[in-house]
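Yeah, the sequence shown ends on 270 if you go by the UniProt record's numbering, and it's all consecutive. Using N, Cα and C, we set each Cβ at its ideal position, and we do this for glycine too. To keep things clear, I will list the structure first and then write my remarks on it.
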Amino acid sequence: MIGRFLSELRARRIVGVRTAEGRVLVPPLEYDPATGEAVTGEYVEVGPAGAVTTWAWVDEPLDAHPLDRPFAWALIELDGADTALLHAVDADNPKAIAAGTRVWPVWKDRPTGHITDISYFVPEVTKIVAPVRTEYRLQAGGALRVFLEGVARGVFLGGRCPSCDQVYVPYRMSCPECGEVIGEPVELPDTGTITTYAINNLPDPRAPQVPFVSAYILLDGADIPMIALVGGVPAHEVRQGMRVRAVWVPPEERTASMASVRWFAPMEPS
Ligand SMILES: [Zn+2]
């Protein structure tokens with residue numbers, strides 16, 4: 001019985017044997033320990049993965065132990081088996097193992113038909129660390145293109161809803177309130193009021209320094225604020241309600257992008 005079990009191990013398979021009652025014993029035994037009856041002789045491949053039923057942590061491995069680093073002895077019920085197999089589990093720390101933890105065998109390079117052909121078990125992979133970097137290139141849609149072409153000329157373009165009279169900036173082609181089609185853009189002044197702001201302490205390629213301030217600025221004549229940098233003032237002096245004006249880059253440097261607006265700066269010394 002055990003010879004078949006070890007021969008299967010050499011082929012990197014784990015087998016159990018079926019009892020007269022239909023349970024699968026792993027490792028296989030010649031007699032069912034529950035009833036004393038002879039088993040059927042039907043071998044059943046199980047695992048190779050299974051679940052820990054109980055375990056004990058070994059902080060200081062001994063020479064005879066299968067691992068030379070802290071590990072767990074565990075009873076492992078392999079998939080398809082009705083009994084548990086005792087084996088070592090190589091876990092990073094005791095928190096990485098619990099009753100129910102799924103484990104997989106790590107096989108020795110050259111199995112020889114010995115229980116040590118399974119070097120140890122390891123917890124199932126449940127997460128990976130994969131550094132990912134993604135760069136985005138956004139395509140301005142029709143309305144945003146109109147707005148950015150205005151920025152390239154040094155003006156902010158908004159849209160006035162013919163039905164509810166709300167003025168939206170950046171320009172958009174339909175009213176989010178009433179769904180009305182918005183016609184020609186309207187020019188807005190480059191002055192406005194800070195409605196809310198945040199002091200940022202993490203560097204940003206668009207910002208001149210750390211800390212920097214990003215703010216919602218309600219342009220004069222607009223009904224919704226737009227987000228922009230605030231500069232020319234120490235971060236701790238920025239306030240809600242502060243009157244600001246856009247600081248544009250020189251005309252020859254302007255493009256159809258928000259980079260044409262350096263930032264908004266206070267209109268009067270604060
Ligand atoms: Zn409307």
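Proline 131 counts as exposed, since fewer than 16 other C-beta atoms from the protein chains shown sit within 10 angstroms of its C-beta. Looking at the DSSP output, glycine 192 bridges to Leu219 and Val244. In this structure, the alpha-carbon of proline 234 lies about 58 Å from that of aspartate 68. In this structure, isoleucine 14 sits near glutamate 45, with a CB-CB distance shorter than 8 Å. In summary, histidine 236 is exposed, with fewer than 16 beta-carbon neighbours lying within 10 Å of its beta-carbon over all protein chains present.
With respect to the C-alpha of glycine 113, the residue from Val230, Arg4 and Leu229 having the closest C-alpha is Arg4. In terms of Cα proximity to proline 203, the closest of Phe212, Arg10, Tyr197 and Thr196 is Phe212. Straight-line spacing of the CA atoms in asparagine 93 and arginine 110 works out to 28 Å.
Following the DSSP letters along the chain, one finds alanine 91 in no beta strand (DSSP E), marked with neither H nor E. About 5 Å separates the CB atoms of tryptophan 107 and arginine 12; that is less than 8 Å, so the two are in contact. In the same chain as aspartate 82, and ignoring 5 residues on each side of it, the C-beta atoms closer than 6 Å to its own belong to Arg23 and Val24, in chain order. In this structure, arginine 243 sits away from threonine 195, with a CB-CB distance that is not shorter than 8 Å.
Under the three-state reduction of DSSP output, glutamate 77 falls in the strand class. Counting only beta-carbon distances shorter than 7 Å to the non-hydrogen atoms of ligand 1, the qualifying residues in chain order are Cys161, Ser163, Cys164, Gln166, Cys175, Glu177, Cys178 and Glu180. Less than 8 Å separates the beta-carbon of arginine 172 from that of alanine 143. Rounded to whole angstroms, the Cβ separation of proline 61 and threonine 116 is 15 Å, and the two are not in contact under 8 Å. DSSP, read as helix, strand or coil, puts valine 210 in coil. Just measuring C-alpha positions, the residue of Val238, Arg206, Val181 and Ser257 sitting nearest alanine 265 is Val238.
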